[in-house]
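First the structure, in the form of structure tokens, and then the observations on it.
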Amino acid sequence: MIRHGLSARTFLLLAIGLAVMIALPLVVKSSFAIDIFIRILLFSFIGTAWNLMGGYAKQLSLGHAAYFGLGAYTSTILQIDFSVSPWIGMIAGGIVAMLASLPIGWLCFRLRGPYFTIATIATAQALMLIFLKFRDFAWGAEGTTIPNLGNAPLMMQFESKAAYYYVVLGLLVVGLAITSIIERSWMGYYLVAIGEDEDAAEAIGVNAPRIKRDIYMISSFLTALAGTFYTQYIYFIDPATAFSFNISIEAALVSIVGGIGTLWGPVIGTVLLETTSTLLQSWLGSSIGGVQLTVYSLILMAVILWRPTGLIGLITEAWQRYAKRKPARA
Amino acid sequence: MWETVAQAVINGLLIGGIYALVSIGVTLIFGVVKIVNFAQGEFVMIGMYISFFLANQFGLDPLLSLFVTMPALFVIGVLVQHFLIRRVLGPNDMPQIFLTFALSLLLLNLALMLFTANYRTVHTSYSDEAFHLGGLYIPEAKLIAFGVAMLLSGALWVFLHTTDLGKAMRAAAQNRDVAMLMGINPNRVFCVALGIALALAGAAGSLLMPFYSAYPFVGQVFVLMAFVAVVLGTLGNVMGALIASLMMGIAESLGIQYVGADSGLIVVFAMLLLTLAFKPTGLGGKAR
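So the sequences go chain by chain: X and Y. Each residue of the first sequence is one higher than the last, beginning at 4 in this note's numbering. Each residue of the second sequence is one higher than the last, beginning at 4 in this note's numbering.
Given below as structure tokens:
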């Protein structure tokens, strides 16, 4: 069932959706709301990057913070020490992350299933420790602030939050486009085959190690772009935020809750989780620690126990039931 | 010079006993039920909080609270297997990994909400006591913890090798399908495995309390060690996990002594990465 192009209806829906997203900051002016939209787009993008490898090939990494951090640090070091624009630094960070994924993948892919997951946690933590310890090239534990240049679009700094919104919206569109292309290509089928049963996939001639290496490189590259964006957005970097375990957790969580191995899963998952978290914070205040992750973990458990296909599965089922009930038109 | 090394080795060996209790639990669950329990560290944390509250409210010595934490966590283990893990056992990795991972997140953040991030300590009469052996310094509380940990590990080994239930567990670990054909009830065996593993984590919590602070994230320290020890000691192998834990305790302590106070974990990660690079099946393992 290889679908080559987009149908006219899907194309129309996508165009309308994109138009709404572009118009959103023109209508909504509250910077609090824009901030939430930016978070949703950012984590949708990180989830999309994770989903390429974690979702389609079921290589369940909990160490994507490694690439987020490498992207963030590469562009920041280039900017502060060499005055290179973060736009270039962003691509450089992506390339550094891609190169780093080769040895990390070489080590971690020796293990399968849960022990692959543990190895990815360990590599991300090890990178964080390295950046904490070696202060000569990366400011150690204190981190550093990004010099504020006012409105400097060429240095990825903007006065209006809406501009950041468009940058991260652009990233998400790129991420979804890449996912969509891979999903329809032979690589997508190889990935799904590896995810279903790696030994069986190899037996029918899929070069699993190569495919896993390639998708890990793509996934790392995209995750690193998010790291650069986030640092530019909050004007600050330190090892604890750049390599935060929470980044790794959320990347996996939004994909699983939304629908693992589906194009729109990470987006739907992020919308649900981030909205819940925002509502909780406005209801309880942010004074009590742990509320957000308690709720996230309950949602994750509920999804795993009752609906492992995620919200996408739930929506598809509801749609099919509705479609069946509707009498066929002549 | 010689004494500094010996002191570091002793410190590492003593804390390695606690790592062993945690890793034996992880490896037992992995061997028998074939899942990785990401929440094992959080059960150490629960054991510590139970000991802390018993000591704080009723003045119960943390070592005596072993008799409360171990049965309590055994029951929790049986419940976790029966109501949660049983429902995700299947060929699919994702639910198995993320169920116990979600459980870990849940327990950790519930603890953060209920008890705040404050450090809780219990002071006992032997907390500051130590034996002096030549120039060496052996803290009493750590020595007791190490002794009890070895005793419990030995008891588990005897249980696995002499009792019918223990043999059934080892049989289920070797080949679940054949064990079922021999009339072993897998859910019962899995419940006992989870119960024992969590009881060991609870014991680790009680043993730690006289010399270690309880806080919501405390389990993360131990579970990371346990994962590395379990890979190093060959997955599912109880004796391997025990030996690897002691080695890791020593390696971490030498790392703190010679690389820097914040570098214990770096040494541990380096050990994990080296193991993965050169002997991914663990020290005593054969190719899978």
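C-beta atoms are modelled at their ideal positions from N, C-alpha and C, and glycine is treated no differently.
Using a Cβ cut-off of 8 Å (strictly closer), state whether M212/Y contacts chain X.
The residue labelled residue 212/Y in the question sits at position 209 within the second sequence. It does not; no Cβ of chain X falls within 8 Å.
In terms of alpha-carbon separation, which member of A144/X, G268/X, I263/X, I302/X lies closest to G280/X?
Here residue 280/X refers to the residue found at position 277 of the first sequence. Strictly speaking, residue 280/X in this sequence is Ser, with Gly absent from that position. Looking at the Cα atoms, I302/X is the closest of the given residues.
Let me know the secondary structure DSSP gives L66/Y once reduced to three states.
On the second sequence, residue 66/Y is found 63 positions in, with the first residue counted as 1. In the structure shown, L66/Y sits in coil (DSSP, three-state: anything other than H, G, I, E or B).
Determine, using beta carbons only, whether L228/X and M93/X come nearer to each other than 8 Å.
In the first sequence, counting from the first residue as 1, residue 228/X sits at position 225. In the first sequence, counting from the first residue as 1, residue 93/X sits at position 90. A contact, by the Cβ cut-off of 8 Å.
Please decide whether L279/Y counts as near chain X, where near means a Cβ-Cβ distance under 8 Å.
Your numbering for residue 279/Y matches position 276 in the second sequence. Between L279/Y and chain X, the shortest Cβ-Cβ separation is below 8 Å.
Quick one: residues in its chain with C-beta nearer than 6 Å to the C-beta of I3/X, no 5 flanking neighbours on either side, listed in chain order?
Look at the range of chain X in this structure, 4 to 333, and you will see that residue 3/X is not part of it.
What residue from E201/X, V209/X, I83/X has the CA that sits closest to P94/Y's CA?
Stepping through the second sequence from its first residue, residue 94/Y is reached at position 91. Nearest C-alpha to P94/Y: E201/X.
How should W142/X be labelled, buried or exposed, when 16 other C-beta atoms within 10 angstroms of its C-beta is the threshold for buried?
As a working note, residue 142/X is residue 139 in the first sequence. By the 10 Å Cβ count, W142/X comes out buried.
Does Y169/X come within less than 8 Å of chain Y when only Cβ atoms are used?
Position 166 of the first sequence, counting from 1, holds the residue named residue 169/X. No, because no Cβ of chain Y sits closer than 8 Å to the Cβ of Y169/X.
Could you say which of K327/X, G230/X, L225/X, F85/X lies nearest to T182/X if we only look at CA atoms?
For the purposes of this step, residue 182/X is taken as the residue at position 179 of the first sequence. Taking only the C-alpha atoms, the option nearest T182/X is L225/X.
Between H67/X and S258/X, is the Cβ-Cβ spacing less than 8 Å?
As a first step, residue 67/X is located in the first sequence; it is residue number 64 there, counting from the start. As a first step, residue 258/X is located in the first sequence; it is residue number 255 there, counting from the start. No.
Anything in the segment 96-129 of chain X with a Cβ closer than 7 Å to a Cβ of chain Y? List those residues in chain order, please.
L110, R113, L114, G116, P117, Y118, T120, I121, A122, A125, Q128, A129
Does F134/Y come out as helix, strand or coil in the three-state DSSP assignment?
Against the second sequence, residue 134/Y aligns to sequence position 131. F134/Y: strand per DSSP, three-state reduction.
Quick one: Cα of V262/Y to Cα of W5/Y, how far?
Along the second sequence, read from residue 1 onward, the residue named residue 262/Y stands at position 259. Along the second sequence, read from residue 1 onward, the residue named residue 5/Y stands at position 2. Taking the straight line from one Cα to the other gives about 17 Å.
So with CB distances below 9 Å, who are the chain Y contacts of K327/X?
In the first sequence, the residue the question calls residue 327/X occupies position 324. In chain order: nothing, as chain Y lies at least about 28 Å away.
Cα-Cα, which of L76/Y, N240/Y, L210/Y, L268/Y is closest to G150/Y?
Residue mapping note: residue 150/Y aligns to position 147 of the second sequence, counting from 1. Here the closest residue by C-alpha is L210/Y.
Any residues in the segment 54-77 of chain X with a beta carbon nearer than 7 Å to a beta carbon of chain Y? Which ones, in chain order?
Cβ contacts with chain Y come from K61, L63.
Give the interface partners of V91/Y over in chain X, defined as CB-CB distance under 8 Å, in chain order.
Here residue 91/Y corresponds to residue number 88 of the second sequence, with the count starting at 1. Within chain X, the residues near V91/Y are I307, L308.
Less than 8 Å between the beta carbons of V271/Y and M228/Y, yes or no?
Within the second sequence, residue 271/Y is the residue found at index 268, counting from 1. Within the second sequence, residue 228/Y is the residue found at index 225, counting from 1. Yes; because the gap between Cβ atoms is below 8 Å, this pair is in contact.
Is I246/Y close to chain X? Criterion is C-beta to C-beta, closer than 8 Å.
Residue numbering aside, residue 246/Y sits at position 243 when the second sequence is read from its first letter. I246/Y does not count as touching chain X.
By the 10 Å Cβ neighbour count, where 16 or more other Cβ atoms means buried, how is E253/X classified, buried or exposed?
Taking the first residue of the first sequence as 1, we reach residue 253/X at position 250. Classification for E253/X: buried.
Quick one: which unbroken beta strand (DSSP E) runs of 3-plus residues sit fully inside the segment 107-178 of chain Y? Chain order, please.
List check, beta strand (DSSP E) in window: 133-136, 139-142.
Leaving out five residues before and five after I141/Y in sequence, what residues of the same chain have Cβ atoms less than 7 Å from its Cβ?
On the second sequence, residue 141/Y is found 138 positions in, with the first residue counted as 1. Same-chain partners within the cutoff: I13, A133, F134.
With DSSP as the reference, label F239/X as helix, strand or coil.
Here the question's residue 239/X lines up with position 236 in the first sequence. Strand, per DSSP.
Under 8 Å between the Cβ atoms of T77/X and A95/X?
Position 74 of the first sequence holds residue 77/X. Position 92 of the first sequence holds residue 95/X. Yes, Cβ-Cβ distance for T77/X and A95/X is below 8 Å.
So with CB distances below 9 Å, who are the chain X contacts of D131/Y?
Residue mapping note: residue 131/Y aligns to position 128 of the second sequence, counting from 1. Under the 9 Å cutoff, chain X gives no residues; its nearest Cβ is about 31 Å from D131/Y.
Which same chain residues end up closer than 7 Å to V171/X when comparing Cβ atoms and leaving out the 5 residues on each side of it in sequence?
Translated into positions along the first sequence, residue 171/X becomes position 168. Once the five neighbours on either side are set aside, the close Cβ partners of V171/X are I41, L44, L45, F48, F232.
Would you report the Cα separation of G62/Y and H126/Y, rounded to the nearest angstrom?
As a first step, residue 62/Y is located in the second sequence; it is residue number 59 there, counting from the start. As a first step, residue 126/Y is located in the second sequence; it is residue number 123 there, counting from the start. Those two C-alpha atoms are separated by around 10 Å.
Which residues mark the beginning and the end of the alpha helix (DSSP H) in which Q62/X is found?
Along the first sequence, read from residue 1 onward, the residue named residue 62/X stands at position 59. Premise fails: Q62/X is in no alpha helix (DSSP H) and is neither H nor E.
Go ahead and pull the three-state DSSP assignment for T265/X.
To locate residue 265/X, count along the first sequence from 1; it is residue 262. DSSP places T265/X in coil when its eight states are reduced to three.
From I263/X to Q99/Y, what distance separates their C-alpha atoms?
Within the first sequence, residue 263/X is the residue found at index 260, counting from 1. Within the second sequence, residue 99/Y is the residue found at index 96, counting from 1. Approximately 14 Å, taken between the alpha carbons.
Look at the Cβ atom of S256/Y, then the Cβ atom of A11/Y, and state whether they are nearer than 8 Å.
Stepping through the second sequence from its first residue, residue 256/Y is reached at position 253. Stepping through the second sequence from its first residue, residue 11/Y is reached at position 8. Yes, the pair counts as a contact, with Cβ atoms nearer than the cut-off.
In this structure, what does DSSP give as the bridge partners for A155/X?
Along the first sequence, read from residue 1 onward, the residue named residue 155/X stands at position 152. Beta-bridge pairing links A155/X to Q160/X.
Verify the CB distance criterion: does P269/X have a CB-CB separation below 8 Å to chain Y?
For this step, residue 269/X is matched to residue 266 along the first sequence. No, P269/X lies away from the interface with chain Y (no Cβ there is under 8 Å from its Cβ).
If you draw a straight line from the C-alpha of I187/Y to the C-alpha of I32/Y, how long is it?
Along the second sequence, one-based indexing puts residue 187/Y at 184. Along the second sequence, one-based indexing puts residue 32/Y at 29. Looking at the two C-alpha atoms, the distance is approximately 17 Å.
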